[in-house]
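Here is the structure we will look at, set down as structure tokens.
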Amino acid sequence: MIVNILFRILARLPLAWLHRLGGWAGWLTWRFSPSYARRLEANLANALGRADPALLKAAIAEAGRQALELPFVWLRPQDEVLARVVRVEGRELIERARAEGASVLFLTPHLGCFEMCAQYCSTHGPITVLFREPRKAALGPLMEAGRARGEIRVAPADVSGVRRLVKALRSGEMVGMLPDQAPGQGEGVWAPFFGKPAWTMTLAARLSEVKGVKALMIWTERLPRGEGYVVRISEPVEPIAGTLEERCVAINREIERLILAGPAQYLWGYNRYKRPSGVPAPEGER
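FYI, the numbering for the sequence shown is 0 to 285, going by numbering that gives the first Met the number 0.
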């Protein structure tokens, strides 16, 4: 109840205010959560191969902005949210795929305002997105309501949800997902991510094997001072092909490329390298 009320209050604020408050919230979280701070710093330094104090400061603030913009994206009218997209790069890739009758698998990491990706893609037709229940149960209804509107459909992260994703792709529709989420036991393989073994979901790789699927990379850059967003769509640099493991490795490399294009806006505090219960350690660590 309290979370619901808080979100509805925040949703009334201008985006610029939310981003300013979010920057402060990012620093407060970093300051009062030592484990989060250590993970954020270590993941960023590992990806860059060095420490970068200026980029670290930016990443701390951007993580807070990502959290505080959620009420705006989820609870404001969809046309008002979409109006904040000031530029789209790669729009023609979607239009071409749709004109050719291909289904589209959109892959985006926890980068920038990733919630905006499905909002924008839905302007090109129905899109089904994977819905994983948040850790805080109170956010579940808000998240689902914010995503399941207009041409956006949500699929739960279970067997029935996977079937919905496959059905959508086989029907020539669009599907969106975050392939850098840490999956559970039996749902992943160990694959390199910025040089370290990461338990990587296999679902994205499996969906890329569906006949007639066109995989596209997408992320939404958050502009400074609440000026809006830029949606960036691109084709994979290398083919997502081969065995299931090879496809997972290729997807991770594509995700790395997107992240390095805007490293300040990646959620480095996300525990990407955790080992789920029951999953054996990667070969080099056994």
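Just so you know, even glycine gets a beta-carbon here, dropped at the ideal spot from N, CA and C.
Could you check where the beta strand (DSSP E) with residue i kicks off and where it finishes?
i	result
Arg221	Val212 to Arg221
Arg231	Tyr228 to Ser233
Glu88	Val84 to Glu88
Trp189	Gly187 to Phe192
Ile151	Ile151 to Pro155
Between the options, which has its C-alpha nearest residue i's C-alpha?
i	options	result
Ser233	Trp218, Cys247, Phe113 and Gly268	Trp218
Leu9	Trp29, Leu43, Thr122 and Arg75	Arg75
Leu266	Trp16, Leu14 and Ala36	Ala36
Met173	Arg163, Pro196, Pro182 and Asp179	Arg163
Val248	Arg97, Pro196, Pro70 and Arg231	Pro196
Glu282	Val188, Arg86 and Asn45	Val188
Thr201	Gly225, Val229, Tyr228 and Glu245	Glu245
Phe6	Gly145, Gly241 and Arg86	Gly145
Ser276	Glu186, Ile4, Ser170 and Glu99	Glu186
With burial defined as no fewer than 16 other Cβ atoms inside 10 Å of the residue's Cβ, what is the status of residue i: buried or exposed?
i	result
Lys213	buried
Ser121	buried
Ser159	exposed
Val236	exposed
Glu253	buried
Phe31	exposed
Asn270	exposed
Val230	buried
Return the chain-ordered list of same chain residues with a C-beta closer than 7 Å to the C-beta of residue i, the five sequence neighbours on each side being excluded.
i	result
Arg274	Trp198 and Ala280
Arg256	Val236
Please say whether residue j and residue i have beta carbons closer to each other than 8 Å?
i	j	result
Leu54	Leu39	no
Gly63	Trp16	no
His109	Asp179	yes
Val153	Phe130	yes
Ala204	Ile250	yes
His18	Leu69	no
Looking at the unbroken alpha helix (DSSP H) that takes in residue i, where does it start and where does it end?
i	result
Trp23	Leu14 to Phe31
Trp73	Leu69 to Leu74
Can you give me the Cβ contacts of residue i inside the same chain, cut-off strictly under 6 Å, excluding the 5 residues immediately before and after it?
i	result
Ile93	His123
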